[in-house]
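Counting from 28, one number per residue, gives the positions in the sequence shown under this note's numbering. Glycine is no exception: its CB is placed at the ideal position from the N, C-alpha and C atoms. Just below is one structure, and these are the notes that go with it.
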Amino acid sequence: HCKLRNNNNMKKLLFITAILLGLLPASIASAHDPIILTSEQQTPADGPLLVDGTISFALYGSLDTGGDTRGFRVQFKEGDSLYISILIPDLSPENTLDDVSLPFVNVEDPNGTTERLSITQKVPFPEPFTGTNYVRLTEFRGTAIGGIYSVTVMGDSPARFTV
Numbered sequence: 028h029c030k031l032r033n034n035n036n037m038k039k040l041l042f043i044t045a046i047l048l049g050l051l052p053a054s055i056a057s058a059h060d061p062i063i064l065t066s067e068q069q070t071p072a073d074g075p076l077l078v079d080g081t082i083s084f085a086l087y088g089s090l091d092t093g094g095d096t097r098g099f100r101v102q103f104k105e106g107d108s109l110y111i112s113i114l115i116p117d118l119s120p121e122n123t124l125d126d127v128s129l130p131f132v133n134v135e136d137p138n139g140t141t142e143r144l145s146i147t148q149k150v151p152f153p154e155p156f157t158g159t160n161y162v163r164l165t166e167f168r169g170t171a172i173g174g175i176y177s178v179t180v181m182g183d184s185p186a187r188f189t190v
């Protein structure tokens, strides 16, 4: 009789959990699915293509040497909100690097115009999902033109980053 009661309670708990998970917006789950940029993804063409730039993604990577690069592409529709930021972990050696040694981002729009997102700030940023403290180096907000943007992360020193 105890086993049956516990089994019924377990079924109720699993059912309630399934309903609650089903009510979560898909964007919450996808916003925190990590995408790892590897050493094989040095150019945007080699990296992943994010087919919906309006969904928040976190791309993690590291530059192994000075001059190293990582790349990916993002597709937008005309008029979409465009937001890109780069963070470093608030840990050594990244938080001890001078501004010229920190990673930065080049963004090429579908028309071929490239903008370098240089270091504009150093804002502490606690990330609750991973429990990691970061430093935001820059953020870019704008309105997208339709098409695929090519994004390249580069730097003069080895460093971990999140875009």
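Item, Value
"Cβ neighbour criterion (16 or more within 10 Å) applied to aspartate 6", "The structure shown does not extend to residue 6, since the chain is modelled only from 28 through 190, so no value can be given for it."
"DSSP state of glutamate 121 mapped onto helix, strand, coil", "helix"
"Straight-line gap, leucine 64 to asparagine 138 (C-alpha atoms, nearest Å)", "25 Å"
"Distance, tyrosine 87 Cα to glutamate 121 Cα", "14 Å"
"Boundaries (first-last residue) of the beta strand (DSSP E) holding alanine 85", "85 to 90"
"When Gly182, Pro185, Phe188, Val178 are compared against glutamine 208, the one with the closest alpha-carbon", "Any property of residue 208 remains undetermined from this structure, which presents the chain solely from 28 to 190."
"Beta-carbon proximity check, threonine 189 vs leucine 114, cutoff 8 Å", "yes"
"Outcome for tyrosine 176 when other beta-carbon atoms lying within 10 angstroms are tallied against a minimum of 16", "buried"
"Under 8 Å between C-beta atoms of leucine 144 and threonine 170", "no"
"Alpha-carbon to alpha-carbon, aspartate 183 and serine 128", "5 Å"
"Assigned secondary structure, serine 184 (DSSP; H/G/I helix, E/B strand, else coil)", "coil"
"Member of Gln68, Ser112, Ser119, Gly80 whose CA lies at the smallest distance from the CA of arginine 97", "Gln68"
"Between the CA atoms of alanine 85 and leucine 50 - distance to the nearest angstrom", "Per-residue confidence for leucine 50 stands at a pLDDT of 36, beneath the threshold of 50, marking its modelled position as unreliable; the derived number appears in the next sentence. The straight-line gap from Cα to Cα measures roughly 23 Å."
"Separation of glycine 173 from phenylalanine 131, as counted between CA atoms", "24 Å"
"Backbone CA spacing between valine 134 and isoleucine 146 [nearest angstrom]", "14 Å"
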